[in-house]
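Letter by letter, the sequence shown follows residues 440 to 707 in my numbering. Single-structure report; data block below.
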Amino acid sequence: MYKSSEYPFLYHFSLFDSFSASLSAGVTGRKGGISNAPYDSFNTALHCGDETEAVIENRKRLCEALHIDFSAYTCSEQIHGSESAAVAESQKGAGCRDYGSTIKGTDALMTDRKGILLNIHLADCVPLIFYDWKKQTGALVHAGWKGTAAGIAGKTVRAMREAFGSSPESILAAIGPSIGPCCFEIGSDTADKIESGFNYSTDVISREENGIHADLWKANEEQLLEAGLKQHNIESAGICTSCHNDEFYSYRAEGGLTGRFSAYLLLK
């Protein structure tokens, strides 16, 4: 992952560079917006306590940077589940101005429609960006520990296959910035739920004297490989939001009172 622009700060994945004519996808940083502390400054979420006017302006700045009208900004409710939704043309703009009109009951958005700017909002949870270069379809996944334990990564790959005829072999997947195993200390109950949710071939939970830690990057990557994706078609940013909360928002590092950055996908 590399920074592609400043004010607003946008980060892109090398994996998608060959498809720039048909795809815009990446994540935002926390700089380049107008939100005041503790949401400073490029908060794109309406549900965390920031002023609505500031959030809408920040969202408009993202749209301007991507050369798309603000009415295309589309987002989901994000309930820490594992359900996905295929976004139709009639749902374009859902949630762009108010949280109440988001696409309900889902943490993953998929589409085969051009001109819809899909967004998820994050501050430690794992963003997954999928692009099927053959079918020209895409998906965004909000994978917190609960969604990861419920297998949301693999479920969304299967949902793309059912909705669009996608083949896992042609799906590219980016794993964006999120809390890393260095900082994601958890209790034994949470560790058991993550481990029991999937038959991992490598350890995603480390139990040491300094506590129990979970590697959500590895957990989601293993789910993608199990779903049929190729290793060379997966790129992980490997950036911990808690360690780098000067660049990205971190719920844990900032005591819960903070903004959210976006992962976005736009088919062109």
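In this text, a Cβ means the ideal position worked out from N, Cα and C, and glycines have one as well.
Contact under 8 Å by Cβ, aspartate 551 with glycine 520 | Counting from one through the sequence shown, the residue named residue 551 turns up at place 112. Counting from one through the sequence shown, the residue named residue 520 turns up at place 81. No, these two residues do not count as a Cβ contact at 8 Å.
Cβ-Cβ separation, isoleucine 542 to alanine 527 (assumed contact under 8 Å), whole Å | The residue given as residue 527 occupies position 88 in the sequence shown. The residue given as residue 542 occupies position 103 in the sequence shown. About 10 Å separates the two Cβ atoms, so there is no contact after all.
Neighbourhood of alanine 493 by C-beta distance below 8 Å, restricted to the same chain and skipping five residues each side = Position 54 of the sequence shown, counted from the start, is the residue given in the question as residue 493. These residues qualify, in order along the chain: Gly472, Ile473, Ser474, Asn475, Tyr478 and Asn482.
From which residue to which residue does the beta strand (DSSP E) around phenylalanine 700 run?
-> Here residue 700 refers to the residue found at position 261 when the sequence shown is read from its first residue. Note, phenylalanine 700: beta strand (DSSP E), 700 to 706.
Residue closest to phenylalanine 623, alpha-carbon to alpha-carbon, out of Arg597, Trp584, Ala588 and Glu648 = Position 184 of the sequence shown, counting from 1, holds the residue named residue 623. Closest by alpha carbon: Trp584.
Under a Cβ-count criterion, where at least 16 other Cβ atoms within 10 Å of its own Cβ denotes burial, should leucine 561 be classed as buried or exposed?
-> In the sequence shown, residue 561 corresponds to position 122, counting from 1. The residue is buried, with at least 16 neighbouring Cβ atoms inside 10 Å.
Out of Cys621, Ile507 and Glu608, point me to the one whose CA is closest to leucine 663's CA.
-> Looking up residue 663 in the sequence shown gives position 224. Among Cys621, Ile507 and Glu608, the Cα nearest to that of leucine 663 belongs to Glu608.
Take lysine 553 and list the residues in its own chain whose beta-carbon comes closer than 7 Å to its own, dropping the five residues that flank it on each side.
-> What you label residue 553 is simply residue 114 of the sequence shown in a count that begins at 1. Contacts found: Leu706 and Lys707.
State the DSSP-derived secondary structure class of serine 606, mapped to helix, strand or coil.
-> Here residue 606 refers to the residue found at position 167 of the sequence shown. The three-state secondary structure of serine 606, taken from DSSP, is coil.
In terms of residue numbering, what span does the beta strand (DSSP E) encompassing glutamate 647 cover?
-> Reading the sequence shown from its first residue, position 208 is the one you call residue 647. From DSSP, the beta strand (DSSP E) with glutamate 647 extends over 644 to 647.
Please report the residue range of the alpha helix (DSSP H) in which lysine 632 lies.
-> As a working note, residue 632 is residue 193 in the sequence shown. Lysine 632: member of the alpha helix (DSSP H) spanning 627 to 635, first to last residue.
State the Cα-Cα distance for the pair tyrosine 512 and glutamate 647, rounded to the nearest angstrom.
-> Along the sequence shown, one-based indexing puts residue 512 at 73. Along the sequence shown, one-based indexing puts residue 647 at 208. Those two C-alpha atoms are separated by around 43 Å.
Can you give, in chain order, each stretch of the beta strand (DSSP E) that sits fully within the stretch 447 to 494 and has at least 3 residues?
-> Runs of the beta strand (DSSP E) inside the stretch 447 to 494: 449 to 451 and 462 to 467.
Could you please give the first and the last residue of the uninterrupted beta strand (DSSP E) stretch that includes threonine 424?
-> With the chain represented from 440 up to 707, any question about residue 424 goes unanswered, as that position is not in the structure.
Check each candidate in Tyr690, Ser617, Ser606 and Pro616 and name the one with the smallest Cα separation from asparagine 672.
-> Within the sequence shown, residue 672 is the residue found at index 233, counting from 1. Nearest of Tyr690, Ser617, Ser606 and Pro616 to asparagine 672, Cα basis: Ser606.
Counted within 10 angstroms of its Cβ, other Cβ atoms place tyrosine 441 as buried (16 or more) or exposed = Here the question's residue 441 lines up with position 2 in the sequence shown. With fewer than 16 other Cβ atoms from the protein chains shown falling within 10 Å of its own Cβ, tyrosine 441 counts as exposed.
Going by the beta-carbon positions, is the gap between leucine 668 and alanine 588 smaller than 8 Å?
-> In the sequence shown, residue 668 corresponds to position 229, counting from 1. In the sequence shown, residue 588 corresponds to position 149, counting from 1. No.
Cα-Cα separation, tyrosine 703 to glutamine 530 | Residue numbering aside, residue 703 sits at position 264 when the sequence shown is read from its first letter. Residue numbering aside, residue 530 sits at position 91 when the sequence shown is read from its first letter. Spanning the two alpha carbons is a distance of roughly 16 Å.
Compute the beta-carbon to beta-carbon distance between proline 447 and alanine 504, rounded to the nearest angstrom, for a pair I have assumed lies under 8 Å.
-> Numbered from its first residue, the sequence shown carries residue 447 at position 8. Numbered from its first residue, the sequence shown carries residue 504 at position 65. The C-beta separation of proline 447 from alanine 504 comes to about 6 Å, placing the pair in contact by the 8 Å criterion.
In this structure, does DSSP put tyrosine 441 in helix, strand or coil?
-> In the sequence shown, the residue the question calls residue 441 occupies position 2. Reduced to three states, the DSSP call for tyrosine 441 is strand.
Name the two residues that bound the continuous beta strand (DSSP E) containing glutamate 674.
-> Numbered from 1 along the sequence shown, position 235 holds the residue referred to as residue 674. In this chain, the beta strand (DSSP E) harbouring glutamate 674 covers 673 to 675.
Using the rule of at least 16 other Cβ atoms within 10 Å of the residue's Cβ for burial, across every protein chain shown, is histidine 517 buried or exposed?
-> Residue numbering aside, residue 517 sits at position 78 when the sequence shown is read from its first letter. Here residue 517 turns out to be glutamine, not histidine, going by the sequence shown. Its Cβ being crowded by 16 or more others within 10 Å, glutamine 517 is buried.
Buried or exposed (CB count within 10 angstroms, at least 16 for buried), threonine 576 = Position 137 of the sequence shown, counted from the start, is the residue given in the question as residue 576. By the neighbour-count rule (16 or more Cβ atoms within 10 Å), threonine 576 is buried.
What do you reckon, are the CB atoms on phenylalanine 569 and threonine 595 nearer than 8 Å?
-> Within the sequence shown, the letter at position 130 stands for residue 569. Within the sequence shown, the letter at position 156 stands for residue 595. Against a cut-off of 8 Å, the Cβ pair of threonine 595 and phenylalanine 569 comes out as a contact.
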